[in-house]
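Asks: To start, I am sharing the structure in question, which I have written as structure tokens.
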Amino acid sequence: MEADSTLRPRFMVIGAQKSGTTALFEYLSAHPDVAPPTTKEINYFLCGTLHARGLEYYHSHFPAPDPGHPSRVTFEASPNYLTSAEAPGRIRDYDPRMKLLCLLRDPVPRAFSAWQMYRRWTKRNPDWFFEWIYECDREIGRDRYVRRGPCFGEDFEADMRFELEVLAQGRRTEMPILRHGDYREQLEGFLACFPREQLWIEDQGRFVRETRAVLGEVEEFVGLAPTDPADSDLEPVFVGSYRREVPEGAAELLRDHYAAANRELFALLGRELSWA
0 MEADSTLRPR
10 FMVIGAQKSG
20 TTALFEYLSA
30 HPDVAPPTTK
40 EINYFLCGTL
50 HARGLEYYHS
60 HFPAPDPGHP
70 SRVTFEASPN
80 YLTSAEAPGR
90 IRDYDPRMKL
100 LCLLRDPVPR
110 AFSAWQMYRR
120 WTKRNPDWFF
130 EWIYECDREI
140 GRDRYVRRGP
150 CFGEDFEADM
160 RFELEVLAQG
170 RRTEMPILRH
180 GDYREQLEGF
190 LACFPREQLW
200 IEDQGRFVRE
210 TRAVLGEVEE
220 FVGLAPTDPA
230 DSDLEPVFVG
240 SYRREVPEGA
250 AELLRDHYAA
260 ANRELFALLG
270 RELSWA
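In numbering that gives the first Met the number 0, the protein residues as written are 0 to 275.
Here it is, written out as structure tokens:
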């Protein structure tokens, strides 16, 4: 593949999982100066097996330049980058000027949303997680993760208590949920590789409430021309918005679990987010 045969991503949506990244991807893909990738979650900088395929594989996911539209740019959105220890350094090595977009959601309903998604996937294929791990990085063995029991998905609070017990032992479960909400630790990995001004961080709740304003801020941050989309173009595209409320016992358990991490996050950001 020739060096200039495809566009190179100018910015990335790096997370967080279950925090509106699909909506952000869809809105950005509709911008007249954006040519989206062929798939949302490329995961090239996450998965060792994909990263080993090299840049020709990575660049195959992006469109060719349009001579009639030379200002057109591309991007990618892989929300699991945020929790990856390897992704920040790999992205920096690829392009140290990369602009990074990150939406953060209240970690309690985020965990409940992830649990419902995993429950649905597990009903279809109980081994999906280990199959994904094998495809993502074949050097990671099954024994790195504690297997969840056959009753996973029946009781959210029980599943969270089990995960907390495993974490207290210094181990991790398959289908990890709670670590995805420890945003401070994850952001520090990226801030160790990129200057703060290259990382845009916003509250997912504000994105839902003030979609037009937030998109305007994103456009300015990544250098896109401002747009004024019609209201019909801003109809909600927030997928996986499960309508059940978080059970109160589980909500209290997770609020306690995340209390210290949230304080550290707000201190890192220099401001509180909507779930403070």
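Don't be surprised by glycine CBs; every beta carbon is placed ideally from N, CA and C. Note that the coordinates shown come from a computational prediction; the quantities given were computed from them, not determined experimentally.
1) May I ask which residues mark the beginning and end of the alpha helix (DSSP H) holding Phe129?
2) Can you give me the start and stop residues for the alpha helix (DSSP H) that Arg87 sits inside?
3) Along the chain, where does the beta strand (DSSP E) that runs through Arg9 open and close?
4) With burial defined as no fewer than 16 other Cβ atoms inside 10 Å of the residue's Cβ, what is the status of Gln168: buried or exposed?
5) Which residues share a DSSP beta bridge with Leu264?
6) Which first and last residues belong to the alpha helix (DSSP H) in which Phe74 is found?
7) Can at least three beta-carbon pairs, one atom from the segment 109-116 and one from the segment 43-52, be found at a separation below 8 Å?
8) Where do the ends of the alpha helix (DSSP H) carrying Glu216 lie?
9) Decide if the segment 154-162 is in contact with the segment 68-87; the criterion is three or more beta carbon pairs, one per stretch, under 8 Å apart.
10) Less than 7 Å between C-beta atoms, sequence neighbours within five positions excluded: which residues of the same chain meet that for Arg89?
11) Could you tell me whether the segment 183-193 touches the segment 206-216, using the rule of 3 or more Cβ pairs below 8 Å?
12) Looking at the secondary structure, which residues open and close the beta strand (DSSP E) in which Lys98 lies?
13) For Asp202 and Leu272, which I take to be in contact (beta-carbon distance under 8 Å), what is that distance rounded to the nearest angstrom?
14) Count the other CB atoms within 10 Å of the CB of Arg109; is the residue buried (16 or more) or exposed (fewer)?
15) In chain order, which alpha helix (DSSP H) runs of at least 4 residues are fully inside the segment 26-74?
16) Please state the DSSP three-state secondary structure of Thr226.
17) In its own chain, which residues sit with a C-beta less than 7 Å from the C-beta of Arg170, not counting the 5 before and 5 after it?
18) Only counting runs of 4 or more residues, tell me where the alpha helix (DSSP H) segments fall wholly within the segment 150-216, in order along the chain.
19) Determine the direct distance from the alpha carbon of Ala34 to that of Asp255, and round the result to whole angstroms.
20) Assign Val359 to one of three DSSP states: helix, strand, or coil.
21) Is Glu173 buried or exposed, if buried means 16 or more other CB atoms sit within 10 Å of its CB?
22) Expressed to the nearest angstrom, what Euclidean distance is found between the alpha-carbon atoms of Thr279 and Leu81?
23) Look at the Cβ atom of Gly47, then the Cβ atom of Asp136, and state whether they are nearer than 7 Å.
24) Which of the three DSSP states, helix, strand or coil, is assigned to Met0?
25) Apart from the five residues on each side of it in sequence, which residues of its chain come closer than 8 Å, Cβ to Cβ, to Gly19?
26) Report yes if the C-beta distance between Gly248 and Glu153 is below 7 Å; otherwise report no.
27) Considering only their Cβ atoms, is the gap separating Pro31 from Glu75 smaller than 7 Å?
Replies: So, from the listed chains and residues:
1) Taking the first residue of the sequence shown as 1, we reach residue 129 at position 130. Per DSSP, Phe129 belongs to the alpha helix (DSSP H) from 127-135.
2) Along the sequence shown, read from residue 1 onward, the residue named residue 87 stands at position 88. The sequence given here places Pro at residue 87; Arg does not occur at that position. Its alpha helix (DSSP H) spans residues 86-93.
3) Looking up residue 9 in the sequence shown gives position 10. Boundaries of the beta strand (DSSP E) harbouring Arg9: 8-14, taken from the DSSP string.
4) As a working mapping, residue 168 is identified with position 169 in the sequence shown. Counting Cβ neighbours within 10 Å, Gln168 comes out exposed, since fewer than 16 surround it.
5) For this step, residue 264 is matched to residue 265 along the sequence shown. Looking at the DSSP assignment, Leu264 forms no beta bridge with any residue, so it has no partner.
6) For the purposes of this step, residue 74 is taken as the residue at position 75 of the sequence shown. Looking at the DSSP string, Phe74 is not in any alpha helix (DSSP H); the run it does join, the beta strand (DSSP E), is 73-76.
7) No: fewer than three Cβ pairs fall under 8 Å.
8) Indexing the sequence shown from 1 puts residue 216 at position 217. Start and end: 210-221.
9) Short answer: they don't touch.
10) On the sequence shown, residue 89 is found 90 positions in, with the first residue counted as 1. Excluding its 5 nearest sequence neighbours in each direction, Arg89 has C-beta neighbours in its own chain below 7 Å: Phe44, His50, listed in chain order.
11) At 8 Å Cβ cutoff, the stretches do not touch.
12) In the sequence shown, counting from the first residue as 1, residue 98 sits at position 99. Taken as a continuous stretch (DSSP letters only), the beta strand (DSSP E) holding Lys98 covers 98-103.
13) As a first step, residue 202 is located in the sequence shown; it is residue number 203 there, counting from the start. As a first step, residue 272 is located in the sequence shown; it is residue number 273 there, counting from the start. The Cβ separation is near 4 Å, so the contact holds.
14) As a first step, residue 109 must be located in the sequence shown, where it is residue number 110. So Arg109 counts as buried.
15) For the alpha helix (DSSP H) assignment, the uninterrupted runs of no fewer than 4 residues enclosed by the segment 26-74 are, from N- to C-terminal side, 47-50, 54-58.
16) In the sequence shown, the residue the question calls residue 226 occupies position 227. Thr226 sits in coil when the DSSP states are folded into three classes, being neither helix nor strand.
17) Position 171 of the sequence shown, counted from the start, is the residue given in the question as residue 170. The answer, listed in chain order, is Val145.
18) Here the runs fully enclosed are 155-167, 182-190, 203-208.
19) Numbered from 1 along the sequence shown, position 256 holds the residue referred to as residue 255. Numbered from 1 along the sequence shown, position 35 holds the residue referred to as residue 34. In a straight line, the C-alpha of Asp255 is about 43 Å away from that of Ala34.
20) An answer regarding residue 359 cannot be provided, because it is not within the stretch 0 to 275 covered by the chain.
21) Within the sequence shown, the letter at position 174 stands for residue 173. Glu173 should be labelled buried.
22) Any property of residue 279 remains undetermined from this structure, which presents the chain solely from 0 to 275.
23) Taking the first residue of the sequence shown as 1, we reach residue 47 at position 48. Taking the first residue of the sequence shown as 1, we reach residue 136 at position 137. Using a Cβ distance threshold of 7 Å, Gly47 and Asp136 count as a contacting pair.
24) As a working mapping, residue 0 is identified with position 1 in the sequence shown. Low confidence applies to Met0: its pLDDT is 40, below 50, so where it sits in the model is not reliable enough to give any reading.
25) Here residue 19 refers to the residue found at position 20 of the sequence shown. Taking Gly19 as the centre and dropping the five residues before and after it, the same chain places the C-beta of Leu102, Arg104, Gln203, Phe206, Val207, Phe237 closer than 8 Å to its C-beta, in chain order.
26) Translated into the one-based positions of the sequence shown, residue 248 becomes position 249. Translated into the one-based positions of the sequence shown, residue 153 becomes position 154. Taking 7 Å as the Cβ cut-off, Gly248 and Glu153 do not qualify as a contacting pair.
27) Taking the sequence shown and counting its residues from 1, the one referred to as residue 75 is at position 76. Taking the sequence shown and counting its residues from 1, the one referred to as residue 31 is at position 32. Result no, Cβ atoms of Glu75 and Pro31 do not sit closer than 7 Å.
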